[in-house]
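**Student:**
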Amino acid sequence: MPTVKPITKAIFPVAGFGTRFLPATKAQPKEMLPVVDKPVIQYLVEEAVAAGIRDIIIVTGRGKRAIEDHFDSSFELEHTLVEKEKHALLDEVRNISRLANFVYVRQPQPLGDGHAILCARNLIGPDEACAVLFGDDIIDSPVPAIRQLMDVYEQTGCSVIGVKEVPRENISSYGVIGGENLQLPAAPELHGVYQVNQLIEKPQPEKAPSNLAIIGKYIVTPAVFECIATGGRSAGGEQRLIDGFEQLMKKEKIYARILEGTRYDTGQKIGLITATIDFALKRPDIGPELRNYLKNLKI
Numbered sequence: 009m010p011t012v013k014p015i016t017k018a019i020f021p022v023a024g025f026g027t028r029f030l031p032a033t034k035a036q037p038k039e040m041l042p043v044v045d046k047p048v049i050q051y052l053v054e055e056a057v058a059a060g061i062r063d064i065i066i067v068t069g070r071g072k073r074a075i076e077d078h079f080d081s082s083f084e085l086e087h088t089l090v091e092k093e094k095h096a097l098l099d100e101v102r103n104i105s106r107l108a109n110f111v112y113v114r115q116p117q118p119l120g121d122g123h124a125i126l127c128a129r130n131l132i133g134p135d136e137a138c139a140v141l142f143g144d145d146i147i148d149s150p151v152p153a154i155r156q157l158m159d160v161y162e163q164t165g166c167s168v169i170g171v172k173e174v175p176r177e178n179i180s181s182y183g184v185i186g187g188e189n190l191q192l193p194a195a196p197e198l199h200g201v202y203q204v205n206q207l208i209e210k211p212q213p214e215k216a217p218s219n220l221a222i223i224g225k226y227i228v229t230p231a232v233f234e235c236i237a238t239g240g241r242s243a244g245g246e247q248r249l250i251d252g253f254e255q256l257m258k259k260e261k262i263y264a265r266i267l268e269g270t271r272y273d274t275g276q277k278i279g280l281i282t283a284t285i286d287f288a289l290k291r292p293d294i295g296p297e298l299r300n301y302l303k304n305l306k307i
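First residue of the sequence shown: 9, per this note's numbering; consecutive thereafter.
In structure tokens form, the structure reads like this:
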């Protein structure tokens, strides 16, 4: 088993426009859309923190100031809650800014997900792997999804891609891996691990090497940054993470792991609605009332 440095940093590329949710996202980031009463990005930050990550690097763009404000302290709000003796809410609000160390960098132009990751390159040490979490996928699981990938990294010292099985007829909406199913000798308890030998962006179902779709969660080794930077640009002039991984495969092994847990694609309207219902049903304060409403709903 290789000796690896613990992963303590995570990059969150959140500079996209969120066009699927217009007009709601005309003046607010899609990552701030709520699942019940908490924005999507807070779920993802809490996932990273629960996995042991302490430094959160958020790559923002124009119109994303609300994300910075959300993870900052708010004297006026806290003072109001103190005066009204709403102590439980006060603790909840204060704990948001205490979740982790937050750093923000700007992506000046929308030049691809790889370019967004490169904007954070100078904040990552030359011998330091880090996590990357995109702002759409919530995985509800006992073990945080990014921790599941970190477990594979700690056994291999290699980059790891989070994947989920999807119906083959839907595979053309995803990046897809091809690879060999493995049992890591040093970690027989880890299941659903593959050594990646193919990466294909949005293939037709008959050409897809598998039904393992790439989810927006990764562990990346330092070499990924150089591979993105030198890997060329797509037809639209964008630098893409998948192109960087294709270059990396020529130098290092890449692994993938099927993520355990229920996935919610909150970048889609139905995914956000489904997540809101499921998370609300688990809440003791509103779950019983919502469950009763759904039972009596006339469709």
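Ideal placement from N, C-alpha and C gives every residue a C-beta, glycine not left out.
Quick check for students: name the residue ranges of the beta strand (DSSP E) that lie wholly in the region 265-301, counting only runs of 3 or more.
**Tutor:** 270-273
**Student:** Could you pull out every residue in the same chain whose Cβ sits closer than 7 Å to the Cβ of residue 223, ignoring the five residues on either side in sequence?
**Tutor:** Here residue 223 corresponds to residue number 215 of the sequence shown, with the count starting at 1. Within the same chain, residue 223 has close Cβ partners 145, 170, 171, 172, 267 and 271.
**Student:** Please determine, among 166, 82, 28 and 63, the residue with the shortest C-alpha to C-alpha distance to residue 11.
**Tutor:** For the purposes of this step, residue 11 is taken as the residue at position 3 of the sequence shown. Here the closest residue by C-alpha is 166.
**Student:** Could you say which of 259, 143 and 179 lies nearest to residue 280 if we only look at CA atoms?
**Tutor:** One-based indexing of the sequence shown puts residue 280 at position 272. Nearest in C-alpha terms to residue 280, of all of 259, 143 and 179, is 143.
**Student:** Do residue 160 and residue 204 come within 7 Å of each other at the CB atom, strictly closer than that value?
**Tutor:** Position 196 of the sequence shown, counted from the start, is the residue given in the question as residue 204. Position 152 of the sequence shown, counted from the start, is the residue given in the question as residue 160. Contact: no.
**Student:** Which runs of the beta strand (DSSP E) fall wholly inside the region 135-188 and span at least 3 residues, in chain order?
**Tutor:** 138-141, 145-148 and 167-173
**Student:** Checking the sheet assignment: what are the DSSP bridge partners for residue 262?
**Tutor:** By 1-based counting over the sequence shown, the position of residue 262 is 254. Looking at the DSSP output, residue 262 sits in a beta bridge with 167.
**Student:** What is the C-beta distance between residue 168 and residue 263, in whole angstroms, given that I count them as a contact (C-beta under 8 Å)?
**Tutor:** As a working mapping, residue 168 is identified with position 160 in the sequence shown. As a working mapping, residue 263 is identified with position 255 in the sequence shown. About 5 Å separates the two Cβ atoms, so the contact holds.
**Student:** Counting pairs of Cβ atoms below 8 Å between the region 211-225 and the region 174-181, do you hit three or more?
**Tutor:** These segments touch.
**Student:** Compare the C-alpha of residue 66 against each of 102, 190 and 127 and name the closest.
**Tutor:** Against the sequence shown, residue 66 aligns to sequence position 58. Measuring from the Cα of residue 66, the nearest candidate turns out to be 127.
**Student:** Could you have a look at residue 24 and say whether DSSP puts it in helix, strand or coil?
**Tutor:** Here residue 24 corresponds to residue number 16 of the sequence shown, with the count starting at 1. Residue state, collapsed to three classes: coil.
**Student:** Are the CB atoms of residue 196 and residue 59 within a distance shorter than 7 Å?
**Tutor:** On the sequence shown, position 51 is the one that residue 59 refers to. On the sequence shown, position 188 is the one that residue 196 refers to. Taking 7 Å as the Cβ cut-off, residue 59 and residue 196 do not qualify as a contacting pair.
**Student:** If residue 18 and residue 139 are in contact, beta carbons under 8 Å, what's the gap, nearest whole angstrom?
**Tutor:** Taking the sequence shown and counting its residues from 1, the one referred to as residue 18 is at position 10. Taking the sequence shown and counting its residues from 1, the one referred to as residue 139 is at position 131. Yes, they are in contact, since the Cβ atoms of residue 18 and residue 139 sit about 4 Å apart, within 8 Å.
**Student:** Which partner residues does residue 33 have in the DSSP bridge list?
**Tutor:** Counting from 1 along the sequence shown, the entry for residue 33 is found at position 25. Paired residues: none, contrary to the question.
**Student:** Just verifying my parser: in three-state terms, what is the DSSP assignment at residue 80?
**Tutor:** Numbered from its first residue, the sequence shown carries residue 80 at position 72. If DSSP states are grouped into helix, strand and coil, residue 80 belongs with coil.
**Student:** Output yes or no for whether 7 Å exceeds the beta carbon distance between residue 252 and residue 244.
**Tutor:** Against the sequence shown, residue 252 aligns to sequence position 244. Against the sequence shown, residue 244 aligns to sequence position 236. The answer is no: Cβ separation not under 7 Å.
**Student:** Quick check on this structure: which residue in 38, 290, 207 and 13 has the alpha carbon closest to the alpha carbon of residue 29?
**Tutor:** Reading the sequence shown from its first residue, position 21 is the one you call residue 29. That would be 38, whose Cα lies nearest to the Cα of residue 29.
**Student:** Pick from 237, 184, 304 and 276: whose alpha carbon is nearest that of residue 122?
**Tutor:** Translated into the one-based positions of the sequence shown, residue 122 becomes position 114. For the residues 237, 184, 304 and 276, the minimum Cα distance to residue 122 belongs to 237.
**Student:** Could you tell me if residue 83 is buried or exposed, where buried requires 16 or more neighbouring beta carbons within 10 angstroms of its beta carbon?
**Tutor:** Along the sequence shown, read from residue 1 onward, the residue named residue 83 stands at position 75. With fewer than 16 other Cβ atoms within 10 Å, it is exposed.
**Student:** Within 10 angstroms of the Cβ of residue 133, are there 16 or more other Cβ atoms? Answer buried if so, exposed if not.
**Tutor:** Along the sequence shown, read from residue 1 onward, the residue named residue 133 stands at position 125. Residue 133 should be labelled exposed.
**Student:** Would you call the CB atoms of residue 141 and residue 52 closer than 7 Å?
**Tutor:** By 1-based counting over the sequence shown, the position of residue 141 is 133. By 1-based counting over the sequence shown, the position of residue 52 is 44. For residue 141 and residue 52, yes; Cβs fall inside 7 Å.
**Student:** How should residue 207 be labelled, buried or exposed, when 16 other C-beta atoms within 10 angstroms of its C-beta is the threshold for buried?
**Tutor:** Locating residue 207 in the sequence shown gives position 199, counting from the first residue. Residue burial annotation: residue 207 is buried, with at least 16 other C-beta atoms found within 10 angstroms of its C-beta.
**Student:** Smallest Cα separation from residue 162: which of 137, 175 and 149?
**Tutor:** Residue 162 sits at position 154 when you count from the first residue of the sequence shown. Of the candidates 137, 175 and 149, the one whose C-alpha sits nearest the C-alpha of residue 162 is 137.
**Student:** Any idea what DSSP makes of residue 196, helix, strand or coil?
**Tutor:** Taking the first residue of the sequence shown as position 1, residue 196 is located at position 188. Looking at residue 196 - three-state DSSP - the assignment turns out to be coil, as it is neither helix nor strand.
**Student:** When the Cα atoms are used, what is the spatial distance from residue 164 to residue 157?
**Tutor:** Counted from its first residue, the sequence shown places residue 164 at position 156. Counted from its first residue, the sequence shown places residue 157 at position 149. Those two C-alpha atoms are separated by around 11 Å.
**Student:** Tell me which residue opens and which closes the beta strand (DSSP E) that residue 63 is part of.
**Tutor:** Translated into positions along the sequence shown, residue 63 becomes position 55. First-last of the beta strand (DSSP E) with residue 63: 63-68.
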